[in-house]
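Notes follow the structure.
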Ligand code: SF4
Ligand code: SF4
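Protein chains in written order, with the numbering used here: chain G, 5 to 252; chain P, 45 to 191.
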């Protein structure tokens with residue numbers, strides 16, 4: 005299998021350990037991937053709130069650099085690329101690549117890989133990404149999301165439900181006051197869940213929650229790579245979490 | 045006003061029945077009571093008036109889109125209000141200005157710190173950033189689109 009990997013600006017610039025984890029996962033799953041050096045920012049909200057034309061044209065350019073399948077590391081990139089490609093493809097009659105968010109890609113490809121998982125038993129809460137779930141695109145149940153939880157279960161981790169699970173963390177709010185209030189509210193809800201860590205597939209959620217939460221905020225790729233035997237230090241999994249897991 | 049909103053991608057606001065589902069779904073309304081998507085749409089549909097509320101308070105959670113029984117897409121209306129405010133010369137939040145300047149400069153939304161650059165090397169990750177040609181294409185697109 006051959007894909008384009010689109011990591012997104014936040015992960016590339018701020019979270020090298022997440023980039024490493026995703027690449028470890030793809031390599032261990034035998035997926036060939038390519039990262040077009042010249043792809044630009046997917047121009048999400050800040051842009052298309054102001055200038056739809058710029059959003060569509062930047063992504064038409066991105067589209068031409070991509071293979072038939074694109075896997076995104078951040079759900080906000082997924083939404084921006086996916087929705088822009090659909091519009092460009094309809095307007096211009098060009099075939100759009102299929103965009104897969106990392107969680108969905110894992111759910112579809114994890115089975116039958118003959119992987120031996122090396123850690124189990126961690127209690128995880130999921131920070132669901134607003135822009136993966138909504139507007140509903142038929143990829144998950146928008147009111148009762150299962151995709152990320154199912155991947156965690158398959159890897160041997162224990163997803164924990166909590167009150168306020170669908171609430172937005174404010175990672176894409178532009179006003180400081182709103183950002184802070186939503187982050188605090190969400191961090192409290194996550195801490196009350198009693199889990200050992202929070203799992204996300206959106207770089208904005210990660211950034212927002214890492215600033216306020218006492219729990220470790222991990223990308224799904226980090227736990228996936230850990231299961232598949234990657235070096236915990238390289239993929240940024242803290243020791244305190246390793247101590248809470250069992251080796252099967 | 046109605047056409048101006050439509051041309052900027054606003055959803056089907058004339059179908060709004062003012063039921064308030066959007067506001068009961070709205071997380072920003074929980075923490076900031078004066079922000080109220082039902083009233084925003086009401087102001088347009090019932091009073092033919094641009095709402096006074098700041099459309100930049102919305103956190104883009106999209107729950108109003110999911111829950112509206114009339115398929116109105118309240119978020120799209122908020123986005124078109126942002127566009128119109130911008131076109132009218134209203135100030136943008138700092139975060140938006142920073143984002144746009146960064147993309148104009150590098151084609152990406154964030155730049156690399158020394159620390160991350162070192163870590164990327166240590167982990168054997170590839171170079172960061174677009175080529176000269178790539179960047180000039182991106183800049184030309186932004187210029188032509190009027191960003
Ligand atoms: S949920 Fe839809 S119909 Fe109800 S008030 Fe909001 S926009 Fe109008
Ligand atoms: S998208 Fe904006 S207006 Fe709609 S529910 Fe979320 S915060 Fe409220």
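Don't be surprised by glycine CBs; every beta carbon is placed ideally from N, CA and C.
{"Query": "Chain A within 8 Å of residue 20(G), Cβ atoms only", "Result": "The chain labelled as chain A is not found among the protein chains of the depicted structure, namely G and P."}
{"Query": "Residues near residue 148(P) by beta carbon distance below 8 Å, same chain, minus five either side", "Result": "183, 186 and 191"}
{"Query": "Cβ neighbour criterion (16 or more within 10 Å) applied to residue 213(G)", "Result": "buried"}
{"Query": "Reference residue 220(G); option with closest CA among 179(G), 230(G), 245(G) and 149(G)", "Result": "245(G)"}
{"Query": "Near ligand 1: residue 61(P) beta-carbon under 7 Å from a heavy atom", "Result": "yes"}
{"Query": "Secondary structure, beta strand (DSSP E): runs of 3+ residues fully inside the region 179–217 of chain G", "Result": "201–204"}
{"Query": "Beta-carbon proximity check, residue 193(G) vs residue 166(G), cutoff 8 Å", "Result": "yes"}
{"Query": "Residue of 60(P), 181(P) and 151(P) minimising C-alpha distance to residue 44(G)", "Result": "151(P)"}
{"Query": "Span of the beta strand (DSSP E) around residue 131(G)", "Result": "127–131"}
{"Query": "Distance CB(residue 79(G))-CB(residue 133(G)) smaller than 8 Å", "Result": "yes"}
{"Query": "Near-chain P residues of the region 217–241 of chain G (beta-carbon distance less than 7 Å), N- to C-terminal order", "Result": "238"}
{"Query": "Residue span of the alpha helix (DSSP H) that contains residue 130(P), given as start and end", "Result": "118–131"}
{"Query": "Helix, strand or coil at residue 102(G) according to DSSP, with G and I counted as helix", "Result": "strand"}
{"Query": "Test: residue 49(P) CB closer than 8 Å to a CB of chain G", "Result": "no"}
{"Query": "Residue 51(G): first and last residue of the uninterrupted alpha helix (DSSP H) it sits in", "Result": "49–52"}
{"Query": "Euclidean distance between Cα positions of residue 64(P) and residue 95(P)", "Result": "16 Å"}
{"Query": "Anticipated Cβ contact below 8 Å, residue 50(G) with residue 140(P), distance rounded", "Result": "5 Å"}
{"Query": "C-beta neighbour in chain P for residue 84(G), strict 8 Å", "Result": "no"}
{"Query": "Residues with C-beta closer than 7 Å to any heavy atom of ligand 2, in chain order", "Result": "172(G), 66(P), 69(P), 70(P), 71(P), 72(P), 73(P), 81(P), 102(P), 103(P), 104(P), 105(P), 106(P), 107(P), 108(P), 109(P), 118(P), 119(P) and 122(P)"}
{"Query": "Whether residue 234(G) touches residue 25(G) by CB criterion (8 Å)", "Result": "yes"}
{"Query": "Residue from 67(G), 22(G), 27(G) and 40(G) with nearest C-alpha to residue 103(G)", "Result": "67(G)"}
{"Query": "The region 121–128 of chain P / the region 47–59 of chain P touching (three or more Cβ pairs under 8 Å)", "Result": "yes"}
{"Query": "Three-pair Cβ contact test at 8 Å for the region 129–145 of chain G versus the region 194–204 of chain G", "Result": "yes"}
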